[in-house]
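K.L.:
If you count the sequence shown from 1, position 167 lands on 166 in our numbering, and the numbers rise without skipping. Where is the CB? At the ideal position from N, CA and C, for every residue including glycine. Supplied in structure tokens, the structure appears directly below.
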Amino acid sequence: MTLIIAVDGPAASGKGTIAARLAQTYGLPHLDTGLLYRAVGMKVLEAGGSLDDEASATQAARGLDPADLSDDARLTTGEAGEAASRVAGFVGVRAALLELQQAFAAQAGGAVLDGRDIGTVIAPEAQAKLFVTAAPEVRATRRWKQLTARGIEISFADMLADIQRRDDRDAGRGSAPMVQAEDAVLLDTTDMGIEAAFDAARRIVEAARAKHDL
Ligand code: DC
Numbered sequence: 000m001t002l003i004i005a006v007d008g009p010a011a012s013g014k015g016t017i018a019a020r021l022a023q024t025y026g027l028p029h030l031d032t033g034l035l036y037r038a039v040g041m042k043v044l045e046a047g048g049s050l051d052d053e054a055s056a057t058q059a060a061r062g063l064d065p066a067d068l069s070d071d072a073r074l075t076t077g078e079a080g081e082a083a084s085r086v087a088g089f090v091g092v093r094a095a096l097l098e099l100q101q102a103f104a105a106q107a108g109g110a111v112l113d114g115r116d117i118g119t120v121i122a123p124e125a126q127a128k129l130f131v132t133a134a135p136e137v138r139a140t141r142r143w144k145q146l147t148a149r150g151i152e153i154s155f156a157d158m159l160a161d162i163q164r165r166d167d168r169d170a171g172r173g174s175a176p177m178v179q180a181e182d183a184v185l186l187d188t189t190d191m192g193i194e195a196a197f198d199a200a201r202r203i204v205e206a207a208r209a210k211h212d213l
């Protein structure tokens, strides 16, 4: 049995938590593909490069190794998210990260991947596809609470502006833009807590399994 679960959606929609919990439930490996782009963005910044320079970003993506992904605290900052969104617009960067993600999706038994283009580009063959979203104000509130709890000071207005800028950039780019796959199920978590959102996600996966006799 192979079960590939694709979880796409905008920043702070809850897709990462949902993907991690689905992976645990079904005993599947999980790849947070946003971390790859975050690591590339941070490599460029740490080398003193510019986020507008496609050649440096592509080189950083080609040379990515597991050690670049190990420091979670460094990769989960707002700065890393913004850098990720910028380098993610380069065709060369996306091409350099394609094979690794497709190999992860193709492993025996299946996998869960979350990102922006999993159901459309990385694993269009996925049996279960979810597009997780929520109103921008709700996503900004969730992210603001997380950051404030970690002692990071940011105003709510700045947080909302960050989220909207990132949505526009991720959805507006020419290469593999963030878009709901035609066969993905929309899960709007605006009025849901994490438990309700996870239950809804599990029901979507169960329906996909029944449909595919898995
Ligand atoms: O999911 P995240 O917030 O960690 O992603 C950070 C950025 O990386 C996001 O703004 C766009 C980019 N990204 C992408 O273009 N494609 C993916 N599959 C995952 C992330």
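Buried or exposed, going by whether 16 or more other CB atoms sit within 10 Å of the CB of glutamine 23?
P.N.:
On the sequence shown, residue 23 is found 24 positions in, with the first residue counted as 1. Exposed, because fewer than 16 other Cβ atoms sit within 10 Å of the Cβ of glutamine 23.
K.L.:
Among Met191, Ile193, Ser154, Leu99, which one has its Cα closest to the Cα of arginine 61?
P.N.:
One-based indexing of the sequence shown puts residue 61 at position 62. With distances taken between Cα atoms, arginine 61 lies closest to Leu99.
K.L.:
For methionine 41, count neighbouring Cβ atoms within 10 angstroms of its own Cβ and tell me buried if that reaches 16, exposed if not.
P.N.:
Residue numbering aside, residue 41 sits at position 42 when the sequence shown is read from its first letter. Buried: at least 16 other Cβ atoms inside 10 Å.
K.L.:
Is there at least one non-hydrogen atom of the ligand DC closer than 7 angstroms to the beta-carbon of aspartate 71?
P.N.:
For this step, residue 71 is matched to residue 72 along the sequence shown. Answer for aspartate 71: no, Cβ out of range of the ligand DC.
K.L.:
Any contact between the segment 68-80 and the segment 96-114? By contact I mean 3 or more CB pairs, one from each, below 8 angstroms.
P.N.:
no
K.L.:
Under three-state DSSP, which class holds phenylalanine 89?
P.N.:
The count along the sequence shown starts at 1 and reaches residue 89 at position 90. Three-state result, phenylalanine 89: coil.
K.L.:
List the whole-angstrom C-beta distance separating threonine 57 from glycine 91, where the pair is believed to meet the contact cut-off of C-beta under 8 angstroms.
P.N.:
Translated into the one-based positions of the sequence shown, residue 57 becomes position 58. Translated into the one-based positions of the sequence shown, residue 91 becomes position 92. With a contact defined as Cβ atoms closer than 8 angstroms, threonine 57 and glycine 91 qualify at about 3 angstroms.
K.L.:
Would you tell me roughly how many angstroms separate the C-alpha atoms of valine 86 and leucine 96, rounded to the nearest one?
P.N.:
Working through the sequence shown from its first residue, we reach residue 86 at position 87. Working through the sequence shown from its first residue, we reach residue 96 at position 97. So the two alpha carbons sit approximately 12 angstroms from each other.
K.L.:
Under 7 angstroms: does the beta carbon of alanine 94 sit that close to some heavy atom of the ligand DC?
P.N.:
Walking along the sequence shown from the start, residue 94 turns up at place 95. Incorrect: alanine 94 has no Cβ contact closer than 7 angstroms to the ligand DC.
K.L.:
Can you tell me which residues form a DSSP beta bridge with leucine 185?
P.N.:
Indexing the sequence shown from 1 puts residue 185 at position 186. DSSP output for leucine 185 lists Phe130 as bridge partner(s).
K.L.:
Specify the secondary structure class of aspartate 31 as computed by DSSP and reduced to three states.
P.N.:
Position 32 of the sequence shown, counting from 1, holds the residue named residue 31. If DSSP states are grouped into helix, strand and coil, aspartate 31 belongs with the strands.
K.L.:
So who's on the other strand from aspartate 113, going by DSSP bridges?
P.N.:
As a position in the sequence shown, residue 113 is number 114, starting the count at 1. Aspartate 113 is bridged to Val6, Asp31.
K.L.:
Determine, using beta carbons only, whether alanine 199 and leucine 185 come nearer to each other than 8 angstroms.
P.N.:
Against the sequence shown, residue 199 aligns to sequence position 200. Against the sequence shown, residue 185 aligns to sequence position 186. Against a cut-off of 8 angstroms, the Cβ pair of leucine 185 and alanine 199 comes out as no contact.
K.L.:
Does the beta carbon of isoleucine 117 fall short of 7 angstroms from some heavy atom of the ligand DC?
P.N.:
Counting from one through the sequence shown, the residue named residue 117 turns up at place 118. At least one heavy atom of the ligand DC is nearer than 7 angstroms to the Cβ of isoleucine 117, so yes.
K.L.:
Starting from the C-beta of glutamine 179, find all residues in its chain whose C-beta is less than 6 angstroms away, skip the five residues before and the five after it, and write them out in chain order.
P.N.:
Counting from one through the sequence shown, the residue named residue 179 turns up at place 180. Excluding residues within five positions, the ones whose Cβ falls inside 6 angstroms are Phe130.
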